[in-house]
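S.K.:
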Amino acid sequence: MRVGIFDHMDCAHSVKALDGCDVTHGHTYKVEVVVEGEMVDGMVMDFKALRATAKKAMEKYDHKDLSAIFEVPSAENIVQALFRDLQKDLPGLYSVKMWEGYNKWAEAMREDI
Amino acid sequence: MRVGIFDHMDCAHSVKALDGCDVTHGHTYKVEVVVEGEMVDGMVMDFKALRATAKKAMEKYDHKDLSAIFEVPSAENIVQALFRDLQKDLPGLYSVKMWEGYNKWAEAMREDI
Amino acid sequence: MRVGIFDHMDCAHSVKALDGCDVTHGHTYKVEVVVEGEMVDGMVMDFKALRATAKKAMEKYDHKDLSAIFEVPSAENIVQALFRDLQKDLPGLYSVKMWEGYNKWAEAMREDI
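Chains as they are written, first to last, in this note's numbering: chain U, 1 to 113; chain G, 1 to 113; chain P, 1 to 113.
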């Protein structure tokens, strides 16, 4: 069974290699964290604990300029970094999906990392 | 090919084991039912028939107190029960995903059951 | 790693075989295009290029009557056609998912085609 939560973070970034994205701008990123596991007492994981863990990992990026953290602050690099940070605390971590704004996203899955 | 529909149900529940969830409250649950199959005459399944089948299964829980039905009315237990009820009527049932409110969900898949 | 974008197209259609759908009506279709691949310079694919490719394929159907193009203009047939059109331009194409209106969808995946 899989369980997931999503939450948001607000960041600045610029991507030098992309025309029109090379000026500092920002996005509200929606981050979805999915855990897979067996149910124990009717739950895979308490949603509150999952959200708290996700938000702790997102703190590193929320209200920051991602261009100061990543050489290429692409959705792919950010979601990969979130996956790597989260798997330390979530052994059942299955995927992290991140929407950059509204209608575009990148997804890191267990087999990618 | 996969086809899916989603619909909503409004239920009360309380979860004794979880701090802050042990008082009776409620959620609008969004339930997504996914069927996998080959196309026949351009369709895997008529959306209307799929929705009617989903809504029939949801009737058992809609506008009810789930704490009177489940010992632990967690999203995991409810979505598992929906999957088991639906697979009697939907041989191609692939997954049932249920959002408890807006930003958290559990998903039961064929291989889980 | 997977990346995706979604966009919309507005079409008319009627489906003769389905009661209540046999009169010409229309939908805003939401089309999500997903590409899977390795990251190069921090990206699987530039979102703008992915969107431009998706929109080029959608042009064939946007603001058209799908009943003049498909014998059965079902979501399944349309999404299958979009997948076949898109895989010419997107070697890493993983899936195309299309919502017919709001709460029902069909998804064509690489292994379906």
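Don't be surprised by glycine CBs; every beta carbon is placed ideally from N, CA and C. On a predicted model such as this, the values are computed, not experimentally measured, just so you know.
Is it right to say U:His13 is buried, meaning 16 or more other beta carbons lie within 10 angstroms of its own, or is it exposed?
M.R.: Its Cβ being crowded by 16 or more others within 10 Å, U:His13 is buried.
S.K.: Please report the straight-line C-alpha distance between U:Glu107 and G:Val23, rounded to a whole angstrom.
M.R.: Looking at the two C-alpha atoms, the distance is approximately 36 angstroms.
S.K.: I want to verify the contact list: residues of chain G whose CB lies under 9 angstroms from the CB of P:Val72, in sequence order.
M.R.: Going along chain G in sequence order, the residues near P:Val72 (Cβ under 9 angstroms) are Asp41, Gly42 and Met43.
S.K.: Does DSSP put U:Ala68 in a helix, a strand or coil?
M.R.: The answer is helix: DSSP assigns U:Ala68 an H, G or I state.
S.K.: Strictly under 9 angstroms for the Cβ-Cβ distance: is G:Leu86 near chain P by that measure?
M.R.: By this cut-off, G:Leu86 is not an interface position.
S.K.: How should P:Val35 be labelled, buried or exposed, when 16 other C-beta atoms within 10 angstroms of its C-beta is the threshold for buried?
M.R.: With 16 or more Cβ atoms within 10 Å of its Cβ, P:Val35 is classed as buried.
S.K.: Check the DSSP bridge columns for U:Ile5 and list the partner residues they point to.
M.R.: According to DSSP, which records beta bridges pairwise, U:Ile5 is partnered with U:Val33 and G:Lys104.
S.K.: U:Gly20 versus chain G: which residues are under 8 angstroms apart at the beta carbon?
M.R.: What U:Gly20 touches in chain G: nothing, since even the nearest Cβ is about 31 angstroms away.
S.K.: From G:Ile69 to P:Gly101, what distance separates their C-alpha atoms?
M.R.: G:Ile69 and P:Gly101: Cα-Cα distance of roughly 34 angstroms.
S.K.: So, at 8 angstroms on beta carbons, what are the nonlocal neighbours of P:Thr53 in its own chain, with the 5 sequence-adjacent residues on each side left out?
M.R.: If we look at P:Thr53 and ignore the five residues flanking it on each side, its Cβ neighbours are Val33, Leu86, Asp89 and Leu90.
S.K.: Assuming P:Met1 contacts P:Met39 under a Cβ cut-off of 8 angstroms, what Cβ separation, rounded to an integer in Å, is found between them?
M.R.: P:Met1 to P:Met39, Cβ: 6 angstroms. Contact.
S.K.: So, is the C-beta of U:Ala49 closer than 9 angstroms to a C-beta in chain P?
M.R.: By this cut-off, U:Ala49 is not an interface position.
S.K.: Which chain U residues are close to P:Asp46, counting only those with a beta carbon under 7 angstroms from its beta carbon?
M.R.: Going along chain U in sequence order, the residues near P:Asp46 (Cβ under 7 angstroms) are Leu18.
S.K.: So P:Lys64 contacts chain G; which residues on that side make the cut at Cβ distance below 9 angstroms?
M.R.: Under the 9 angstroms cutoff, chain G gives no residues; its nearest Cβ is about 18 angstroms from P:Lys64.
S.K.: If you reduce the DSSP assignment to three classes, tell me which class G:Ala12 lands in.
M.R.: In this structure, G:Ala12 counts as strand in the three-state DSSP scheme.
S.K.: What span of residues does the alpha helix (DSSP H) with U:Glu53 cover, start to end?
M.R.: Rather than Glu, the amino acid found at residue 53 of chain U in this sequence is Thr. Here the alpha helix (DSSP H) through U:Thr53 covers Phe47 to Met58.
S.K.: Could you check whether the Cβ of U:Gly4 sits closer than 9 angstroms to any Cβ belonging to chain G?
M.R.: By this cut-off, U:Gly4 is an interface position.
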